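If you read the sequence shown in my numbering, its first letter stands for residue 189, the second for the next number, and so on. Report on the structure given below.
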Amino acid sequence: MTARLARRPEIAAKPRHHLSHASLLHYVDRPVKPADLDAIIVPTARPTVYLSYALRLAKEVGCPVLALCSFRANADEAYRAARRLGVQLIATDVHGGVALPELSTSALLASGRFRRRGDLSMKRNLGLALSKMLGWDRVAFLDDDISSVLPDDMRAAAGLLDRFSVVGLRNAGFPDNSVVCHALRAVGVKQGMFVGGGAMAVRASRTTTFFPDIYNEDWFFLLSEDGLSRVAVTGRMVQEAYEPFRTTARAREEELGDCLAEGIYALLDDGGKVDDANHDFWAAFLEDRRAMVDRIIAALPGRANLTGEEKRRIAEAMKASHGRRLFVTPDLCVSYLRALEADRTIWRDHVDRLPTDLKPRSALQHLGLTSSHVHRPR
């Protein structure tokens, strides 16, 4: 099986899915001058045992953990874990009433089938806002399903922020892809991976972008008014495995964000700009994606590497992708990108107005976060 599933020769010059966006990244494998991290920010939603790795890593690196807790995670248990391990911690329970600006991108998707149910983007935006108020400069986002990060790699990533806006760690674990991209890989296509927010260092004092509430929020965070920020990749981390085809809900929930992100990054690959993504571009790109998913479905019966049950699950997920894409129109794509551009200004103005040099509890209270703990080992 070849990349023909993703790219038919007769439409190669038209908007299409790209198997890799690696050319947009700067890979740094040589030793670099390290720097200290001011904090590791963990947006956590799982039981506290999954926070333990980040706590131990922070102890080795010599920085605090900011644990933003919801769902099955809570600040009380995070505090007890930090005390046992002797790690500096700021932990807070995150709820829906936080003091962050109302964004047009969120309002556009607030009702109906595109409404988001998670809070990952909100937590990451809280991390950016708190970094500004606490005077943190070099911070790293680390998801609670990431492991095998060397302290020296974290320091190297922090050092590279002198030259790059964002530095991600190379994923040596389970591929961090969308359901559609996992399906491409399942039928033999060499689908690549991109840098992600699961293990990403940023220079908070210089960051003016935000994480919109949509799948692939980290890809949109990397975009600026002029195009893609300077992004480096170094070191390694391991993404915990998961089952992308367990339910069809994941494919439906990802489809809009995956269409938008893959379309924009395909444009950037080809030397284009975000402004080039007009109605005609999206009409052609969405048609290419429809045809690509059809080819995935058609390829499944002949795949000896897949069981009958795996083929059924992948086919159902691809049909779910098709079904949701019926509502992803060129007009919606254009409107979303227009809203994203406006929201960058809203977010930048909000961050500029935030108070600075605050103590942790004051900063948390300013954002409406009152169920919190601060721990400093003696």
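The beta-carbon is built from N, C-alpha and C at its ideal position, and this holds for glycine as well. Computed from a predicted model, the values in this text were never measured in an experiment.
What residue range is occupied by the uninterrupted alpha helix (DSSP H) comprising residue i?
i	result
residue 313	308 to 322
residue 487	467 to 487
residue 508	496 to 513
residue 435	Taken as a continuous stretch (DSSP letters only), residue 435 belongs to no alpha helix (DSSP H), as it is neither H nor E.
residue 236	First-last for residue 236: undefined, no H or E at that position.
residue 293	292 to 296
residue 283	That residue, residue 283, is in no alpha helix (DSSP H); it is neither H nor E in DSSP.
residue 550	548 to 554
residue 372	367 to 374
Where do the N-terminal and C-terminal ends of the beta strand (DSSP E) with residue i fall, by residue?
i	result
residue 563	560 to 563
residue 231	227 to 232
residue 521	It is not in any beta strand (DSSP E) - residue 521 instead sits in the alpha helix (DSSP H) that spans 518 to 541.
If I'm right that residue i touches residue j with Cβ under 8 Å, what's the distance once you round it to whole angstroms?
i	j	result
residue 281	residue 269	15 Å between Cβ atoms; not a contact.
residue 256	residue 311	4 Å
residue 277	residue 261	Actually they do not touch by this definition, with Cβ atoms about 13 Å apart.
residue 397	residue 532	6 Å
residue 220	residue 253	Their Cβ separation, rounded to whole angstroms, is 24 Å, which puts residue 220 and residue 253 out of contact at 8 Å.
residue 516	residue 466	Between residue 466 and residue 516 the Cβ distance is about 16 Å, and since that is not below 8 Å, they are no contact.
residue 375	residue 488	7 Å
residue 478	residue 438	Actually they do not touch by this definition, with Cβ atoms about 19 Å apart.
Could you pull out every residue in the same chain whose Cβ sits closer than 8 Å to the Cβ of residue i, ignoring the five residues on either side in sequence?
i	result
residue 191	Per-residue confidence for residue 191 stands at a pLDDT of 46, beneath the threshold of 50, marking its modelled position as unreliable; the derived number appears in the next sentence. Excluding positions up to five away in sequence, the list reads 207, 377 and 378.
residue 248	339
residue 419	212, 213, 214, 352, 353, 354, 355, 356, 383 and 410
residue 336	360, 361, 424, 425 and 426
residue 343	222, 223, 224, 225 and 249
residue 566	none
residue 373	363, 365 and 379
residue 217	422
Using DSSP bridges, identify the partner residues of residue i.
i	result
residue 335	426
residue 412	415
residue 356	388 and 421
residue 326	391
residue 253	228 and 277
residue 453	Bridge partners of residue 453: none, in fact.
residue 214	420
Once you ignore the five residues that flank residue i on each side, which residues in its own chain have a CB closer than 6 Å to its CB?
i	result
residue 386	331 and 334
residue 196	Reliability of the predicted coordinates at residue 196 is poor, the pLDDT of 41 falling under 50, and the value obtained from them is presented with this limitation in mind. Once the five neighbours on either side are set aside, residue 196 has no close Cβ partner at all.
residue 406	384 and 385
residue 548	278 and 562
residue 473	203 and 451
residue 539	320
residue 399	309, 312, 313, 405 and 409
residue 454	206
residue 235	260
residue 501	433
residue 470	518 and 521
residue 238	332
residue 428	333
CB-CB under 7 Å to residue i, same chain, minus the five flanking residues each way: which ones, in chain order?
i	result
residue 226	251, 324, 325, 326 and 327
residue 199	Unreliable placement is indicated for residue 199, whose pLDDT of 36 sits below 50; the coordinate value is still reported in the next sentence. The answer, listed in chain order, is 476.
residue 559	263, 280 and 281
residue 457	206, 209, 211 and 212
residue 551	318, 321 and 322
residue 534	289 and 291
residue 345	328, 355, 357, 389, 422 and 423
Specify whether the region 383 to 393 and the region 338 to 357 touch according to this definition: at least 3 beta carbon pairs, one from each stretch, less than 8 Å apart. yes
Whether or not the region 427 to 447 and the region 500 to 510 are in contact is what I'm after, with contact meaning three or more pairs of Cβ atoms, one per stretch, closer than 8 Å; do they touch? yes
Inter-stretch contact at 8 Å, needing at least 3 Cβ pairs: the region 519 to 533 / the region 279 to 294: yes
So does the region 302 to 316 actually touch the region 228 to 236, counting three or more Cβ pairs closer than 8 Å? yes
Within the chosen definition, does the region 364 to 371 reach the region 427 to 439 through at least 3 CB pairs nearer than 8 Å? yes
With a threshold of 8 Å, are at least 3 pairs of Cβ atoms found where one atom belongs to the region 446 to 455 and the other to the region 394 to 404? yes
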